[in-house]
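Peer 1: In the numbering used here, the protein residues as written are 1122 to 1410. C-beta atoms are modelled at their ideal positions from N, C-alpha and C, and glycine is treated no differently.
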């Protein structure tokens, strides 16, 4: 004999029958995305049609933020899609960064000139250090007076033998002008100074090839002239025979040239080494489209 059906069970049965007999919800079709730009798919987000209660959602045209009546210029879209091979496309109106443009090699720029001169007299370094401006003397550290002037901005090393080394000038003329100013300053202190044997001893210049260099390849190709130990010094030391110039070559493409007596030697040495550096250029590995 069956048990009597409770009131709660009857209510559940009625609700279940109503849900089965009701018609399925209306299917919502979303508008097709625009070929210009897809707001949601660009960020990996797609709207869920079941969570949208409004059946007229597709009329809002959310997936197409560009109104149909707005016509973008063809050349604007083309500029946004075009780009050099191996690079990502850039948006319209954007310019490539300046460092990405290969500007070619730069002529060596003078960085420092070292010259020497002979005053042809014995000098009392303590007297010079006490009475001259911008002069310092510490015989325990260095056996010379260090003197500086602002124009041209240079530093002089003055020895008791009457010899002087002038460094820091940016041109040959500035180096000689500074040497004569130092001689005049010392002469005012009562020394019989003469200006003899002025000579440019070293010219230092710098340049750049504007591309990265594979220093390992350069060392393997020119072992006779190269010294490279990245654990001690990050640059490769290249000793050129003619002209007799020493080049410090860095993987960034920067080159420092030293040991020249004339500025023409810097240009000659850089012109000779440039084809070799081009051969050892690192291959650009950029993002692919």
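Using the three-state DSSP reduction, which class does residue 1266 fall into: helix, strand or coil?
Peer 2: Strand, per DSSP.
Peer 1: Please specify which runs of the alpha helix (DSSP H), each continuous and at least 4 residues long, are wholly inside the stretch 1264-1321, giving them in chain order.
Peer 2: List check, alpha helix (DSSP H) in window: 1293-1308.
Peer 1: For residue 1297, collect the residues of the same chain with a Cβ closer than 8 Å to its Cβ; drop the 5 residues on either side in sequence, then sort them by chain order.
Peer 2: Cβ within range, chain order: 1236 and 1319.
Peer 1: Would you mind giving the Cβ-Cβ distance between residue 1257 and residue 1250, rounded to the nearest angstrom? I have them listed as a contact below 8 Å.
Peer 2: The pair is a contact, with the Cβ atoms about 7 Å apart (cut-off 8 Å).
Peer 1: Quick test of your reading: residue 1317 and residue 1239, contact by CB under 8 Å. State the CB separation rounded to the nearest angstrom.
Peer 2: Going by Cβ atoms, the distance from residue 1317 to residue 1239 rounds to 5 Å, so yes, they are a contact pair.
Peer 1: Could you give the residue range of the alpha helix (DSSP H) that holds residue 1238?
Peer 2: Per DSSP, residue 1238 belongs to no alpha helix (DSSP H); it is in the beta strand (DSSP E), 1230-1239.
Peer 1: Quick one: Cα of residue 1286 to Cα of residue 1363, how far?
Peer 2: So the alpha carbons of these two residues sit roughly 26 Å apart.
Peer 1: State the beta-bridge partners of residue 1395 as determined by DSSP.
Peer 2: Looking at the DSSP assignment, residue 1395 forms no beta bridge with any residue, so it has no partner.
Peer 1: Can the beta-carbon of residue 1226 be found less than 7 Å from the beta-carbon of residue 1330?
Peer 2: Yes, Cβ-Cβ distance for residue 1226 and residue 1330 is below 7 Å.
Peer 1: With respect to 6 Å, is the separation between the Cβ of residue 1374 and the closest non-hydrogen atom of the ligand COA below this value?
Peer 2: Questions concerning the ligand COA fall outside what the structure shown contains, since it holds no ligand whatsoever.
Peer 1: In chain order, what residues of the same chain lie with their CB nearer than 6 Å to the CB of residue 1323, ignoring the 5 residues before and after it?
Peer 2: These residues qualify, in order along the chain: 1235.
Peer 1: Using three-state DSSP, classify residue 1352 as helix, strand or coil.
Peer 2: Here residue 1352 sits in coil by DSSP.
Peer 1: Note down the Cα distance separating residue 1404 from residue 1335, rounded to an integer number of angstroms.
Peer 2: Distance between the alpha carbons of residue 1404 and residue 1335: 9 Å.
Peer 1: Measure the C-alpha to C-alpha separation of residue 1390 and residue 1314 and round it to an integer number of angstroms.
Peer 2: Approximately 38 Å between the Cα atoms of the pair.
Peer 1: Helix or strand or just coil, what does DSSP make of residue 1376?
Peer 2: In the structure shown, residue 1376 sits in a strand (DSSP, three-state: E or B).
Peer 1: To the nearest angstrom, report how far apart residue 1384 and residue 1370 are at their CA atoms.
Peer 2: If I take the Cα positions, the gap works out to 19 Å.
Peer 1: Leaving out five residues on either side along the sequence, give the residues of the same chain with a beta carbon under 8 Å from the beta carbon of residue 1276.
Peer 2: Closer than 8 Å at Cβ, skipping near neighbours: 1267, 1268, 1269, 1287, 1288 and 1289.
Peer 1: Specify, as a first and last residue, the run of the beta strand (DSSP E) that residue 1366 falls within.
Peer 2: Residues 1366-1370.
Peer 1: Closer than 7 Å by C-beta to residue 1295: which residues in its own chain qualify, once you throw out the five before and the five after it? Chain order, please.
Peer 2: Hits under 7 Å: 1273.
Peer 1: Are the CB atoms of residue 1229 and residue 1387 within a distance shorter than 7 Å?
Peer 2: Yes, the Cβ-Cβ distance between residue 1387 and residue 1229 is below 7 Å.
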